[in-house]
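Undergrad: Got a structure here, written out as structure tokens. Questions coming.
There are 2 protein chains.
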Amino acid sequence: MQRHIYACQDGCPVQSTLQIIAGKWKAVILYHFFKDGICHFGELQREIQACSSRMLALQLNELEEDGVISKNIYSTMPLKTDYTLTEFGKTLEPVIDAMAAWGNHYNQTIAGAEDFSQPGACRWPVDVTAKSKNK
Amino acid sequence: MQRHIYACQDGCPVQSTLQIIAGKWKAVILYHFFKDGICHFGELQREIQACSSRMLALQLNELEEDGVISKNIYSTMPLKTDYTLTEFGKTLEPVIDAMAAWGNHYNQTIAGAEDFSQPGACRWPVDVTAKSKNK
DNA sequence: CAGAATCCCACTCGATACTG
DNA sequence: CAGTATCGAGTGGGATTCTG
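Note that the protein sequences, when read in sequence, are chains A and B. First residue of the first sequence: 1, per UniProt numbering; consecutive thereafter. First residue of the second sequence: 1, per UniProt numbering; consecutive thereafter.
Okay, structure coming up:
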């Protein structure tokens with residue numbers, strides 16, 4: 001079945017990009033591929049604890065369908081699989097980098113004092129939203 | 001009510017970024033803000049035809065809540081509103097730029113021959129997915 | 001370990017109608 | 001024009017269970 005998130009009308013470039021990376025966890029998964037060179041299911045699970053194994057598998061499958069990553073399954077016991085970025089997948093690095101850079105800056109300068117151990121803690125401080133109000 | 005898409009556990013920078021731009025149309029909206037300097041509701045609707053006015057309004061509201069854009073309402077008749085990026089919102093430009101750049105490259109080199117007038121037409125050509133298979 | 005299958009509820013989002 | 005309100009079908013995704 002075909003996923004059909006964006007119609008890609010008008011050939012809008014951002015919509016094309018989203019077509020590939022807009023899954024709930026795809027950008028995060030790719031980030032860990034680029035940053036850590038991670039390639040195993042369990043490692044990803046450990047890094048992205050908020051993502052269930054079901055979702056992780058689904059997102060990885062879609063990324064594989066789209067040619068972003070490829071999967072090698074070793075039918076040994078216990079089961080072992082590794083994922084690698086395709087050449088095509090590697091072209092996404094600047095996009096993920098830009099997102100990571102922005103997020104880092106946000107975490108450090110704006111949300112630096114926040115406690116990430118609380119779910120939902122990543123929230124805007126008042127002063128920032130306030131800035132938009134008095135504009 | 002608080003939106004709660006990502007828990008932002010571990011302070012993952014990509015998750016922080018997604019917290020702001022992960023709405024279904026937010027990145028596309030921001031793209032048009034940056035590219036066209038667009039600031040009216042109707043203009044956005046014309047540019048992003050796949051997005052209903054209801055969704056557009058919802059996404060714009062969330063962007064305003066998060067301090068990315070600000071809204072000025074002129075209670076004239078007919079109603080007029082304009083949206084502007086906040087200083088904070090402008091910091092997202094590199095992220096949107098990277099997405100747009102990737103999408104442009106994708107549209108030109110890979111999907112160049114596709115017909116975007118058909119919904120769902122933005123789909124991977126076989127050869128690209130095939131590349132991942134024979135890896 | 002690395003997933004697929006099933007169940008099922010909460011929420012998303014489109015359609016429609018209405019308002020200042 | 002620039003939205004909001006309401007409804008309802010469809011789906012996303014969590015929890016759980018099962019398999020090679």
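C-beta atoms are modelled at their ideal positions from N, C-alpha and C, and glycine is treated no differently.
Roughly how many whole angstroms lie between the Cα atoms of leucine 44 of chain A and alanine 22 of chain B?
TA: One-based indexing of the first sequence puts residue 44 of chain A at position 44. One-based indexing of the second sequence puts residue 22 of chain B at position 22. Between leucine 44 of chain A and alanine 22 of chain B, the C-alpha separation is close to 21 Å.
Undergrad: Identify, in the order they occur along the chain, each residue of the same chain with its Cβ nearer than 7 Å to the Cβ of lysine 71 of chain A, setting aside the five sequence neighbours on each side.
TA: Position 71 of the first sequence, counted from the first residue, corresponds to residue 71 of chain A. Excluding sequence neighbours, lysine 71 of chain A sits near Glu64, Thr81, Tyr83.
Undergrad: Please tell me whether methionine 55 of chain A has its Cβ less than 8 Å away from any Cβ of chain B.
TA: As a first step, residue 55 of chain A must be located in the first sequence, where it is residue number 55. It does not; no Cβ of chain B falls within 8 Å.
Undergrad: Using a beta-carbon distance below 8 Å, is glutamine 59 of chain B in contact with chain A?
TA: Here residue 59 of chain B refers to the residue found at position 59 of the second sequence. Closer than 8 Å: no.
Undergrad: By the criterion of Cβ-Cβ separation under 9 Å, what are the contact partners of glutamine 45 of chain A in chain B?
TA: For this step, residue 45 of chain A is matched to residue 45 along the first sequence. Here the premise fails: no neighbours, minimum Cβ distance about 13 Å.
Undergrad: From valine 14 of chain A to glycine 103 of chain B, what distance separates their C-alpha atoms?
TA: Along the first sequence, one-based indexing puts residue 14 of chain A at 14. Along the second sequence, one-based indexing puts residue 103 of chain B at 103. Their backbone Cα atoms lie some 6 Å apart in a straight line.
Undergrad: Which parts of the stretch 24–79 of chain A are runs of the alpha helix (DSSP H), unbroken and 4 residues or longer, counting only runs that do not cross its ends?
TA: For the alpha helix (DSSP H) assignment, the uninterrupted runs of no fewer than 4 residues enclosed by the stretch 24–79 of chain A are, from N- to C-terminal side, 26–36, 41–47, 53–65.
Undergrad: Based on Cα-Cα distance, which residue from A/His32, A/Glu62, A/Leu60, A/Leu58 lies nearest to isoleucine 48 of chain A?
TA: On the first sequence, residue 48 of chain A is found 48 positions in, with the first residue counted as 1. Looking at the Cα atoms, A/His32 is the closest of the given residues.
Undergrad: Can you say whether glutamine 108 of chain B is buried or exposed, counting buried as having 16 or more other CB atoms within 10 angstroms of its CB?
TA: Residue 108 of chain B sits at position 108 when you count from the first residue of the second sequence. By the 10 Å Cβ count, glutamine 108 of chain B comes out exposed.
Undergrad: Compute the Euclidean distance between the alpha carbons of alanine 98 of chain A and proline 94 of chain B, then round it to the nearest angstrom.
TA: Counted from its first residue, the first sequence places residue 98 of chain A at position 98. Counted from its first residue, the second sequence places residue 94 of chain B at position 94. Rounded to the nearest angstrom, the two C-alpha atoms are 6 Å apart.
Undergrad: On the three-state DSSP scale, how would you describe threonine 84 of chain B?
TA: For this step, residue 84 of chain B is matched to residue 84 along the second sequence. It is a strand residue.
Undergrad: Looking at residue 173 of chain B: is its Cβ nearer than 8 Å to the Cβ of leucine 92 of chain B?
TA: Any answer about residue 173 of chain B is impossible in this case: the structure gives chain B only from 1 up to 135.
Undergrad: Go ahead and label residue 136 of chain A buried or exposed: buried means 16 or more other beta carbons lie within 10 angstroms of its beta carbon, across all protein chains shown.
TA: There is simply no residue 136 of chain A to check, as chain A begins at 1 and stops at 135 in what is shown.
Undergrad: Would tyrosine 74 of chain B be called buried (16 or more neighbouring beta carbons within 10 Å of its own) or exposed?
TA: Taking the second sequence and counting its residues from 1, one reaches residue 74 of chain B at position 74. The residue is exposed, with fewer than 16 neighbouring Cβ atoms inside 10 Å.
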